[in-house]
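Colleague: Questions regarding the structure given below will be posed in turn.
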Amino acid sequence: MFEASNEAYRSLRQRFKGDLLRPGESGFDDARTIWNGMFVRTPGLIARCDDVTDVQNAIRAGSETGVLTAVRCGGHSLAGFSTCDGGMVIDLSRVRQVSVDPATQRARIAGGCLLGSIDVATQKAGLVFPSGVVSHTGAAGLILGGGTGWLTRRFGLSCDNVEAFTLVTADSSIVRASSVENPELFWALRGGGGNFGVVTEFDVRLHRLTSVVLAEGLTPIDQIRPLLERWRDFMADAPLDLKWNIDLRLAPHKEKIPAELRGQPVASSSLVWTGDPEVGRPHLQRALSMCPPDSASSRITSFLELQTIADSDFPHGRRYYTKSGYF
Ligand SMILES: Cc1cc2nc3c(=O)[nH]c(=O)nc-3n(C[C@H](O)[C@H](O)[C@H](O)COP(=O)(O)OP(=O)(O)OC[C@H]3O[C@@H](n4cnc5c(N)ncnc54)[C@H](O)[C@@H]3O)c2cc1C
């Protein structure tokens, strides 16, 4: 089972600058663990790259030996695509540089970055890159799949804010894709997922934003249907500064939740307003009018806080199963 990965190891060990980890070695168990505890797999080799040359060498070793290969950024693939049994994992977790140019409102994001490191770097210049809602998610998997979050209505999908990709293709060459260089590849990379090569850098556009209004409220079960109808009608023409998410869930047993709702099925609304707070106030009030007043709240919060608020709801290592539907 490990024959091909052992061969890849032999081919890499003289020239690889990062770590080459094999089963039984110190650090291997941590390195093979991905976010979804449903996928506990044992690769034969984890090639943790230091730089682009390491990525090229790993890909070359992969194609020469024919070893089953998985690519990993943040390891948050819900389906476990960033690991494998017996093969080689090309691990980008060391390649996490973010360089921001405040003057042009552009950034270069390395292929192994997590969303949180991008937020921290861009906020130093009062700028944002529109991405997802959990800061420990990997940027590469998210951007290559499209990427939605709190800022999608205002600034678009993550992939639509990429101006150029630098990637290593299966023949280990370095290729750029933008609207003028390899435009068909550029099109494919914006939502087509991870199968076109290993992206080592994303050149992205940034936007000005440092704080938002965050409003939240709970709606009891008998009001959920009218709430969803209102949401459908209201959001069709709502300003792009507003994002309104609704989760159907059991209300937690927490002091700040009205006693009669604790443990009950509710619709939990979270609204983010990215424009002038005064302009947003009537929109937020209207959206929350179907929540009992003692379940509703509204406050100005920093963008960095917003981006980490949901982190603890999705801890690493649980056995997650998800499905999506299109309405
Ligand atoms: C807790 C959580 C919250 C999420 N929130 C959001 C959200 O708000 N918005 C949203 O749009 N999505 C969200 N997602 C979905 C998420 O975007 C995808 O699961 C995404 O694939 C994760 O990216 P990753 O880099 O962490 O994953 P990985 O598991 O590392 O990789 C995912 C896929 O991308 C490939 N890949 C990784 N790095 C590269 C690279 N550099 N070049 C080429 N291919 C690569 C991998 O081979 C694999 O196929 C969330 C997922 C989780 C688990």
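186 is the number that numbering that gives the first Met the number 0 gives to position 187 of the sequence shown; each next residue is one higher, with no gaps.
Yeah, the Cβ is synthetic: ideal placement off N, Cα and C, and Gly gets one too.
It should be emphasised that the depicted structure is a prediction, and the values quoted were computed from it without experimental measurement.
Near residue 184, which residues of its chain fall below 6 Å by C-beta distance, leaving aside the five closest residues on each side in sequence?
Modeller: 176
Colleague: Please name the residue in 325, 315, 326 and 324 whose C-alpha comes closest to that of residue 79.
Modeller: 315
Colleague: I think residue 44 touches residue 19, with their Cβ atoms under 8 Å apart; what is that distance to the nearest whole Å?
Modeller: 6 Å
Colleague: Indicate whether residue 317 and residue 115 have their beta-carbon atoms separated by less than 8 Å.
Modeller: no
Colleague: Spatial neighbours of residue 208 within its chain, please: C-beta separation below 7 Å, excluding the five flanking residues on both sides.
Modeller: Sequence-distant Cβ neighbours of residue 208 in its own chain, meaning closer than 7 Å and more than five residues away, are 127, 273 and 302.
Colleague: If residue 103 sits next to residue 211, beta carbons under 8 Å apart, how far is it from one beta carbon to the other, in whole angstroms?
Modeller: Incorrect: roughly 24 Å between the Cβ atoms, too far for contact.
Colleague: Can you round the beta-carbon distance between residue 169 and residue 196 to whole angstroms, since I take them to be within the 8 Å contact cut?
Modeller: About 7 Å separates the CB atoms of residue 169 and residue 196; that is less than 8 Å, so the two are in contact.
Colleague: Is it buried or exposed for residue 278, if we count other Cβ within 10 angstroms and need 16 for buried?
Modeller: exposed
Colleague: In whole angstroms, give me the CA-to-CA distance for residue 2 and residue 106.
Modeller: 41 Å
Colleague: Would you mind listing the beta strand (DSSP E) stretches within the segment 262 to 322 that are 3+ residues and don't spill past its ends, in chain order?
Modeller: Here the runs fully enclosed are 264 to 272 and 296 to 301.
Colleague: Mind checking whether the beta-carbon of residue 179 lies closer than 7 Å to any heavy atom of ligand 3?
Modeller: The model on display carries ligand 1 but not ligand 3.
Colleague: What's the C-alpha gap between residue 167 and residue 173?
Modeller: 5 Å
Colleague: Is it buried or exposed for residue 312, if we count other Cβ within 10 angstroms and need 16 for buried?
Modeller: exposed
Colleague: Applying the 10 Å Cβ sphere with the 16-neighbour rule, what's the burial state of residue 186?
Modeller: exposed
Colleague: With hydrogens ignored, establish whether the beta-carbon of residue 132 is closer than 7 Å to any heavy atom of ligand 1.
Modeller: yes
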